[in-house]
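Student:
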Amino acid sequence: MKLPVFVVDAFTAKAFCGNPAAVCLLENKLDEDMHQKIAKEMNLSETAFIRKLHPTDNFTQSSCFGLRWFTPASEVPLCGHATLASAAVLFNKIKNVNNVLTFVTLSGELKARRAEDSIILDLPLYPAHPQDFHEVEDLIKKINDLTLRSFWSLQTAIGDTRVQDIRYSPDTRKLLVRLSDTYKRSFLENLKVNTQDLPQVENTGKVKGLILTLKGEPGGQTQAFDFYSRYFAPWVGLAEDPVTGSAHAVLSSYWSEQLGKKDMHAFQCSRRGGELEISLRSDGRVDIRGGTAVVLEGTLTA
Numbered sequence: 001m002k003l004p005v006f007v008v009d010a011f012t013a014k015a016f017c018g019n020p021a022a023v024c025l026l027e028n029k030l031d032e033d034m035h036q037k038i039a040k041e042m043n044l045s046e047t048a049f050i051r052k053l054h055p056t057d058n059f060t061q062s063s064c065f066g067l068r069w070f071t072p073a074s075e076v077p078l079c080g081h082a083t084l085a086s087a088a089v090l091f092n093k094i095k096n097v098n099n100v101l102t103f104v105t106l107s108g109e110l111k112a113r114r115a116e117d118s119i120i121l122d123l124p125l126y127p128a129h130p131q132d133f134h135e136v137e138d139l140i141k142k143i144n145d146l147t148l149r150s151f152w153s154l155q156t157a158i159g160d161t162r163v164q165d166i167r168y169s170p171d172t173r174k175l176l177v178r179l180s181d182t183y184k185r186s187f188l189e190n191l192k193v194n195t196q197d198l199p200q201v202e203n204t205g206k207v208k209g210l211i212l213t214l215k216g217e218p219g220g221q222t223q224a225f226d227f228y229s230r231y232f233a234p235w236v237g238l239a240e241d242p243v244t245g246s247a248h249a250v251l252s253s254y255w256s257e258q259l260g261k262k263d264m265h266a267f268q269c270s271r272r273g274g275e276l277e278i279s280l281r282s283d284g285r286v287d288i289r290g291g292t293a294v295v296l297e298g299t300l301t302a
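The working numbering applies: residue 1 is where the sequence shown begins, and numbers increase by one.
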């Protein structure tokens with residue numbers, strides 16, 4: 001078996017920043033268990049598999065493909081950065097002639113379109129609902145090095161961390177925790193989050209991802225962003241994901257409501273970092289724009 005494989009840094013214009021994803025092009029049907037084996041071998045947050053939907057399709061001329069995403073541990077229903085990476089491979093390396101690509105996925109049809117030096121993803125927009133703290137108290141207490149003090153209210157310190165709001169997205173099973181507006185970006189960047197025990201603390205299957213988010217700061221000497229975030233998904237084998245499109249499908253809904261804005265500029269504060277341009281649409285979906293950098297291409301043999 002020989003498969004074309006690429007590694008693409010997504011939501012960045014520079015190599016070795018943003019979120020890396022592996023992208024495999026499937027000329028023929030792949031044995032089901034091989035998807036997971038390849039993803040484990042690639043050992044990136046996600047490996048994307050692009051497949052032809054019909055025997056007459058080809059990667060240069062066709063505009064619609066099947067797309068699946070796997071972490072090293074499991075298949076996931078939605079991955080924004082690996083979708084961005086997949087579109088970048090088809091547009092920039094395979095030289096697909098279309099301006100818009102459609103991907104058939106577990107989350108329905110997703111579209112990617114060319115936009116100057118970037119790509120725009122058309123993703124579902126997922127609402128997040130207010131959450132009773134007591135339902136997630138143990139999980140929140142684990143955020144800061146497992147040594148947090150008792151929780152008194154949403155405005156009270158848990159150890160060194162103050163929480164302002166908690167929301168839950170049932171569609172994505174993501175828990176959104178908004179930190180106090182008194183914090184600055186540097187606090188979120190430097191916050192030490194121990195994710196090892198989170199799957200044991202929350203083992204009901206209700207939560208599959210934890211979003212920490214913070215309101216943005218006015219521009220000064222640094223670029224202004226509307227909000228910041230970090231994302232953790234140990235439930236699917238990811239201690240921390242560098243830049244996460246699916247999390248921003250939740251964050252976009254939340255921060256649009258909080259800020260009264262449809263167009264926003266976001267930054268995910270992982271060590272690699274990544275920027276996302278967000279635009280909410282009238283049809284209940286969201287356009288997320290980002291850059292890409294292809295850093296590796298080759299052939300996978302097995």
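Each residue gets a CB set at the ideal place from its N, CA and C atoms; glycine is no exception. Every value quoted in this text rests on a predicted model; they were computed, and no experiment measured them.
1) Considering just the uninterrupted stretch of the alpha helix (DSSP H) at Q36, what are its terminal residues?
2) In this structure, does DSSP put T83 in helix, strand or coil?
3) Answer yes or no: do C79 and E189 have a C-beta to C-beta separation smaller than 8 Å?
4) List the endpoints of the continuous beta strand (DSSP E) containing Y254.
5) Near R114, what residues of its chain come up, given a Cβ to Cβ distance below 7 Å and the 5 sequence neighbours on each side ignored?
6) Helix, strand or coil for A88 per DSSP?
7) Just tell me which of L30, T71, E257, N43 has its CA closest to the CA of K52.
8) When we look at the beta-carbon of T299 and count the other beta-carbons within 10 Å, is it buried (16 or more) or exposed?
9) Looking at H129 and R173, is the spacing between their C-beta atoms short of 8 Å?
10) Helix, strand or coil for L188? Go by DSSP, reduced to three states.
11) Per the contact definition of three or more C-beta pairs closer than 8 Å, is the segment 56-71 in contact with the segment 103-119?
12) State the Cα-Cα distance for the pair T83 and E277, rounded to the nearest angstrom.
13) Our contact map puts V23 next to V89 with C-beta atoms below 8 Å; I'd like the distance itself, whole angstroms only.
14) How should E257 be labelled, buried or exposed, when 16 other C-beta atoms within 10 angstroms of its C-beta is the threshold for buried?
15) Within 10 angstroms of its Cβ, does E55 collect 16 or more other Cβ (buried), or is it exposed?
16) Within 10 angstroms of the Cβ of D241, are there 16 or more other Cβ atoms? Answer buried if so, exposed if not.
17) Quick check: the Cα distance between A10 and W255, rounded to an integer number of angstroms?
18) So which of L198, Y183, P124 has the shortest CA-CA distance to S169?
19) Assign I50 to one of three DSSP states: helix, strand, or coil.
20) Give the DSSP bridge partners of M264, in chain order.
21) In this structure, what does DSSP give as the bridge partners for F16?
22) Check the C-beta distance from A266 over to I211 and give it rounded, since I have them as a contact under 8 Å.
Tutor: Straight from the coordinates:
1) As a first step, residue 36 is located in the sequence shown; it is residue number 36 there, counting from the start. It spans 32-42 - the alpha helix (DSSP H) in which Q36 sits, taken as one unbroken run.
2) Position 83 of the sequence shown holds residue 83. T83 falls in the helix class under three-state DSSP.
3) Within the sequence shown, numbered from 1, the residue matching residue 79 stands at position 79. Within the sequence shown, numbered from 1, the residue matching residue 189 stands at position 189. Result no, Cβ atoms of C79 and E189 do not sit closer than 8 Å.
4) In the sequence shown, counting from the first residue as 1, residue 254 sits at position 254. No beta strand (DSSP E) contains Y254, which is instead part of the alpha helix (DSSP H) from 245-259.
5) Walking along the sequence shown from the start, residue 114 turns up at place 114. Once the five neighbours on either side are set aside, the close Cβ partners of R114 are F91, N99.
6) As a first step, residue 88 must be located in the sequence shown, where it is residue number 88. Residue state, collapsed to three classes: helix.
7) Start at 1 with the first residue of the sequence shown, and residue 52 comes out as number 52. The candidate whose alpha carbon is nearest that of K52 is L30.
8) Residue 299 sits at position 299 when you count from the first residue of the sequence shown. It counts as exposed.
9) On the sequence shown, residue 173 is found 173 positions in, with the first residue counted as 1. On the sequence shown, residue 129 is found 129 positions in, with the first residue counted as 1. No. Outside cutoff.
10) Numbered from its first residue, the sequence shown carries residue 188 at position 188. Assigned with DSSP and collapsed to three states, L188 falls in helix.
11) yes
12) As a first step, residue 83 is located in the sequence shown; it is residue number 83 there, counting from the start. As a first step, residue 277 is located in the sequence shown; it is residue number 277 there, counting from the start. Cα to Cα, the separation comes out at about 16 Å.
13) Position 23 of the sequence shown, counted from the start, is the residue given in the question as residue 23. Position 89 of the sequence shown, counted from the start, is the residue given in the question as residue 89. Contact flag correct, Cβ pair sits at about 5 Å.
14) Looking up residue 257 in the sequence shown gives position 257. Label assigned to E257: exposed.
15) Within the sequence shown, numbered from 1, the residue matching residue 55 stands at position 55. Glu is not the amino acid found at residue 55; the sequence shown has Pro there. Residue environment: P55 is assigned as exposed (fewer than 16 neighbouring CB atoms within 10 Å of its CB, all protein chains considered).
16) By one-based count along the sequence shown, residue 241 stands at place 241. D241 is buried by the Cβ-count criterion.
17) Start at 1 with the first residue of the sequence shown, and residue 10 comes out as number 10. Start at 1 with the first residue of the sequence shown, and residue 255 comes out as number 255. If you draw a straight line from the Cα of A10 to the Cα of W255, it comes to about 22 Å.
18) The residue given as residue 169 occupies position 169 in the sequence shown. Minimum Cα distance to S169 is reached at P124.
19) Here residue 50 is taken as the residue at index 50 of the sequence shown, counted from 1. In the structure shown, I50 sits in a strand (DSSP, three-state: E or B).
20) Numbered from 1 along the sequence shown, position 264 holds the residue referred to as residue 264. Per DSSP, the beta bridge partners of M264 are I278.
21) For the purposes of this step, residue 16 is taken as residue 16 along the sequence shown, with counting starting at 1. F16 is not bridged to any residue.
22) Your numbering for residue 266 matches position 266 in the sequence shown. Your numbering for residue 211 matches position 211 in the sequence shown. Rounded, the Cβ-Cβ distance is 12 Å, inconsistent with contact.
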